[in-house]
Amino acid sequence: VIGPPPDLLDRRLLLFTGKGGVGKSTVAAATALLLAAAGRRVLLVEVDAKGDVPAQFERPAVGFEPREVHPGVRAMAMDTEASLQEYLRLNLRLPVLGRVGPLARALDFVATAAPGVKEILTIGKIAWEVREALEGRADHDVVVVDAAATGHIVAQLGAADTIRELVDVGPVRAQTQWVADLLADPAVTAVSVVTTPEEMPVAETIELVARLRAEARAPLGAVVVNRVLPELFTHADDETFEALRAPGAAQVLAGSCGPGATAVLDGARLAVALRRTRAEHLGHLLAEVDLPLLYVPYLFVRAHGLRVTRMVADALGQELGL
Amino acid sequence: VSATRPPSASAASSLESLLAAKEIVVCCGSGGVGKTSVAAAAALGAATRLGGRVLVVTIDPARRLATALGLDGLGNQAHQVPPELLKAAGVDPRGELWAAMLDTKQSWDDLVLRHAPDEESAYRILDNRLYHNLTARFVQSHDYIAMERLYEIHASGEYDLIVVDTPPTRHAVDFLDAPSRMAEFFGGRLLRWLTLPYRVGGKRGTRVLGVASRPFYQVADRILGSRFLEEIAVFFLNFQSMYAGFVARARAVERLLHDRRTTFAVVTTLEAAPLHEAERFCEGLLERDLHLGALVLNKTLPDYLLDPAGAACASVFVDDAGLLADELTRLDDPRLSDPARTARVLRTVGESFRNFSVVALREAELRAELARVPDVVARVPTLEADVGDLDALVAIERHLFA
Numbered sequence: 001v002i003g004p005p006p007d008l009l010d011r012r013l014l015l016f017t018g019k020g021g022v023g024k025s026t027v028a029a030a031t032a033l034l035l036a037a038a039g040r041r042v043l044l045v046e047v048d049a050k051g052d053v054p055a056q057f058e059r060p061a062v063g064f065e066p067r068e069v070h071p072g073v074r075a076m077a078m079d080t081e082a083s084l085q086e087y088l089r090l091n092l093r094l095p096v097l098g099r100v101g102p103l104a105r106a107l108d109f110v111a112t113a114a115p116g117v118k119e120i121l122t123i124g125k126i127a128w129e130v131r132e133a134l135e136g137r138a139d140h141d142v143v144v145v146d147a148a149a150t151g152h153i154v155a156q157l158g159a160a161d162t163i164r165e166l167v168d169v170g171p172v173r174a175q176t177q178w179v180a181d182l183l184a185d186p187a188v189t190a191v192s193v194v195t196t197p198e199e200m201p202v203a204e205t206i207e208l209v210a211r212l213r214a215e216a217r218a219p220l221g222a223v224v225v226n227r228v229l230p231e232l233f234t235h236a237d238d239e240t241f242e243a244l245r246a247p248g249a250a251q252v253l254a255g256s257c258g259p260g261a262t263a264v265l266d267g268a269r270l271a272v273a274l275r276r277t278r279a280e281h282l283g284h285l286l287a288e289v290d291l292p293l294l295y296v297p298y299l300f301v302r303a304h305g306l307r308v309t310r311m312v313a314d315a316l317g318q319e320l321g322l
Numbered sequence: 323v324s325a326t327r328p329p330s331a332s333a334a335s336s337l338e339s340l341l342a343a344k345e346i347v348v349c350c351g352s353g354g355v356g357k358t359s360v361a362a363a364a365a366l367g368a369a370t371r372l373g374g375r376v377l378v379v380t381i382d383p384a385r386r387l388a389t390a391l392g393l394d395g396l397g398n399q400a401h402q403v404p405p406e407l408l409k410a411a412g413v414d415p416r417g418e419l420w421a422a423m424l425d426t427k428q429s430w431d432d433l434v435l436r437h438a439p440d441e442e443s444a445y446r447i448l449d450n451r452l453y454h455n456l457t458a459r460f461v462q463s464h465d466y467i468a469m470e471r472l473y474e475i476h477a478s479g480e481y482d483l484i485v486v487d488t489p490p491t492r493h494a495v496d497f498l499d500a501p502s503r504m505a506e507f508f509g510g511r512l513l514r515w516l517t518l519p520y521r522v523g524g525k526r527g528t529r530v531l532g533v534a535s536r537p538f539y540q541v542a543d544r545i546l547g548s549r550f551l552e553e554i555a556v557f558f559l560n561f562q563s564m565y566a567g568f569v570a571r572a573r574a575v576e577r578l579l580h581d582r583r584t585t586f587a588v589v590t591t592l593e594a595a596p597l598h599e600a601e602r603f604c605e606g607l608l609e610r611d612l613h614l615g616a617l618v619l620n621k622t623l624p625d626y627l628l629d630p631a632g633a634a635c636a637s638v639f640v641d642d643a644g645l646l647a648d649e650l651t652r653l654d655d656p657r658l659s660d661p662a663r664t665a666r667v668l669r670t671v672g673e674s675f676r677n678f679s680v681v682a683l684r685e686a687e688l689r690a691e692l693a694r695v696p697d698v699v700a701r702v703p704t705l706e707a708d709v710g711d712l713d714a715l716v717a718i719e720r721h722l723f724a
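Sequence order for the protein chains is A and B. The first sequence maps to residues 1 to 322 in this note's numbering. The second sequence maps to residues 323 to 724 in this note's numbering.
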């Protein structure tokens, strides 16, 4: 068993990726809560801009301009067009393009067609916020990213290199260098993969870790395994459970507890079966990925929103030995 | 032509009657909800119950599901799932079940080869590195090509019903607009503007100072450098030879999605985020005047978890575990001879029921809150094992068509 990197929460850029539907936004938000509780000022970036991140704090959607969603946590939604305008304003000292509509649209068009441009506008903005934090110029100390899903993250992390292959002159070339360096620095950056113990998410995680190693230089942090079902019985107890489901015992139980006994036993059987299937996938993950695994239990609660985020934060905190 | 068919307003009351009235079913929903399995199970059900030739086009099936359908190593080519395999899984199909995977790259290449004026122009495009990036990364590229393939297969007239899985997108509604965006993209004024300095110079790559001095080119030059800009322009100049065919095709694809022979099935789990996405998708369909045929609630917990008698019994298991365990020693089952162990297991079983009941209740509440539902709502409970073989697919199919 590999322990989590002891400095994981000390890094300045924590990216969380993974297949859609595994709970990336919740894990990113929970990490932000943990950091805020430790007195760090957090910028939480939502790359997919679906509004899932502010929802973890029960707050309405945010825009490109960061807004506080929780004490110590400001959130922003990525917007490549706004990022481009900011870049032009800050780096090339060009006026805001908003007033020159067609120009902005044309650039957006080039950005869509040309490889790496949209990606660099995303990762470049994130890296810029990290650099501002490192140099003490920002309102935050650490940047936590609810990053793109499996398919896009490799392209985003490698965007600086892609651009450098295509563009041989100009300011872009020089400016992509520091982005690449920052993303590759293990003292600054950690990319973590969120998954669940199910077939497709595990398969994608294994594939993604391999691709991140081969194609991107970003340091890997941990694999967060979300929604882990509890183990109900030890082996000996399992036999006792089987005996309870046999006709004789079932009759005794129905006599003492009423007609609901079958439902209760069926429920436990389902729980055992689900846990068993998931344990196989977890075994596969353990065998194929040599990264520390952080487990977040399946939450049997009615609530969603902030309460769930807190529970996930507590679980992560325990896994990290806080 | 669809005029002879009954209007889609005559609501289908079951999935079976819906599929009987349609030729295309597009399954959509956010990532992780089990779209692929539901699409495959729907196709299986149609082949079994309605007969005919039914094709399921999947995007990225789990490896074991792909193996079960015999899709391993097959690209765009459709092939029949062997009837003996289906028989072994306990179904006796009246019709044929066919399956194909969507190979995005291959589909794009086919499209270029079909629309380019000659082979040389086609290969100028296929060999361009921007082409590779565009088809691999352009957000709408996968969405569009899935719809384009659908059109192609439908036009072939080889199948009575086509069930298509959709690729994961940032927003599930995005792909509905893919054909029109694609047409806009390749036929748009912006593209012409972008290639302008390279077209008016007479010879490719010769820039005209008057045009190049406009603010856009100045900015683009400063950011990207002129060489790269030129590469982009040359690529689009090549692509221009295909505009007419391409745009016409995108329009045809769009018409097909609006055709009354086409319906959409929205798949979701009863979790807050996917359900929210599903609701937005249903709204998106209605806004675009597309046919919302069915809503599939997948991987839901079974109803018996909401049984009040079960809750009462679970309380007895937890509170009176010791008494029950003593009682059970009477049965002379060696596995129940240790009352301490039996009591521990009873308490665990009772607590587990309570835990899962909480989640089942949450699901029931979310279901009750569903604002807009189509006439057909199917519920598929969570299966004990993964959907890794035809047996599991058959199990889904039974619930889907229940």
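Cβ coordinates follow ideal geometry from the N, Cα and C atoms, glycine included. In this text the structure is predicted, and so the values were computed from the model without any measurement.
Return helix, strand or coil for residue i, following the three-state DSSP convention.
| i | result |
| --- | --- |
| B/Ser336 | coil |
| A/Ile120 | helix |
| A/Leu15 | strand |
| A/Glu231 | coil |
| A/Pro197 | coil |
| A/Met78 | coil |
| B/Ala444 | helix |
| A/Arg131 | helix |
| A/Val225 | strand |
| A/Ile2 | coil |
| A/Pro60 | coil |
| B/Pro501 | helix |
| B/Ser563 | coil |
| A/Leu157 | helix |
| A/Glu288 | helix |
| A/Arg310 | helix |
| A/Tyr295 | strand |
Whole angstroms are fine: how far does the CA of residue j sit from the CA of residue i?
| i | j | result |
| --- | --- | --- |
| B/Glu719 | B/Val667 | 35 Å |
| B/Thr590 | B/Thr488 | 13 Å |
| A/Ala335 | A/Leu212 | Nothing about residue 335 of chain A can be reported from this structure: the residues present for chain A run from 1 to 322 only. |
| B/Arg471 | B/Ser429 | 7 Å |
| B/His728 | A/Lys125 | Nothing can be reported for residue 728 of chain B, as the shown portion of chain B is limited to 323 through 724. |
| B/Ser339 | A/Pro5 | 56 Å |
| B/Tyr473 | B/Leu578 | 7 Å |
| B/Ser330 | B/Glu345 | Residue placement at B/Ser330 cannot be trusted, given a pLDDT of 43 that sits under 50; what the coordinates show is reported in the next sentence. Each residue's alpha carbon lies about 12 Å from the other. |
| B/Ser637 | B/Arg669 | 9 Å |
| A/Ile163 | B/Phe550 | 10 Å |
Using CA coordinates, which residue listed in the options is at the minimum distance from residue i?
| i | options | result |
| --- | --- | --- |
| A/Arg324 | A/Val47, A/Asp48, A/Arg74 | This structure gives no information on residue 324 of chain A, because the portion of chain A shown stretches from 1 to 322. |
| B/Asp731 | B/Ser443, B/Gln402, B/Gln428, B/Asp611 | Here chain B comprises residues numbered 323 to 724, so residue 731 of chain B is not present and cannot be evaluated. |
| B/Pro501 | B/Arg436, B/Ala390, B/Ala362, B/Phe568 | B/Phe568 |
| B/Tyr626 | A/Arg310, A/Leu265, A/Ile120 | A/Leu265 |
| A/Leu182 | A/Ala133, A/Val202, A/Arg227 | A/Ala133 |
| A/Lys19 | B/Ser352, B/Leu597, B/Phe603, B/Ser339 | B/Ser352 |
| A/Glu199 | A/Gly158, A/Gly283, A/Gly51 | A/Gly283 |
| B/Ala421 | B/Ala636, B/Val702, B/Tyr481 | B/Tyr481 |
| A/Ala353 | A/Leu306, A/Gln56, A/Gly63 | Residue 353 of chain A lies beyond the range of chain A shown here (1 to 322); nothing can be said about it. |
| A/Arg41 | A/Glu68, A/Val172, A/Pro230 | A/Glu68 |
| B/Pro405 | B/Glu418, B/Leu393, B/Asp394, B/Asn398 | B/Glu418 |
Is any beta-carbon of chain B found at less than 7 Å from that of residue i?
| i | result |
| --- | --- |
| A/Pro4 | no |
| A/Val312 | no |
| A/Glu323 | Given a span of 1 to 322 for chain A in the structure shown, any question on residue 323 of chain A remains unanswerable. |
| A/Phe16 | no |
| A/Gly39 | no |
| A/Phe327 | Absent from the structure is residue 327 of chain A, since the part of chain A shown begins at 1 and ends at 322. |
| A/Thr80 | no |
So that I know if they touch, is there some Cβ in chain A lying closer than 7 Å to that of residue i?
| i | result |
| --- | --- |
| B/Thr380 | no |
| B/Asn677 | yes |
| B/Val667 | yes |
| B/Ala322 | As shown, chain B starts at 323 and ends at 724. That puts residue 322 of chain B outside it, with no answer to give. |
| B/Val486 | no |
| B/Thr622 | no |
### Message
Restricting to runs no shorter than 3 residues, where is the beta strand (DSSP E) found entirely within the segment 583-666 of chain B?
### Response
Every beta strand (DSSP E) stretch that sits fully inside the segment 583-666 of chain B and reaches 3 residues is listed by chain position as 584-590, 614-622.
### Query
Going along the chain, which unbroken runs of the beta strand (DSSP E) with 3 or more residues stay wholly within the segment 337-416 of chain B?
You should have 346-350, 375-380.
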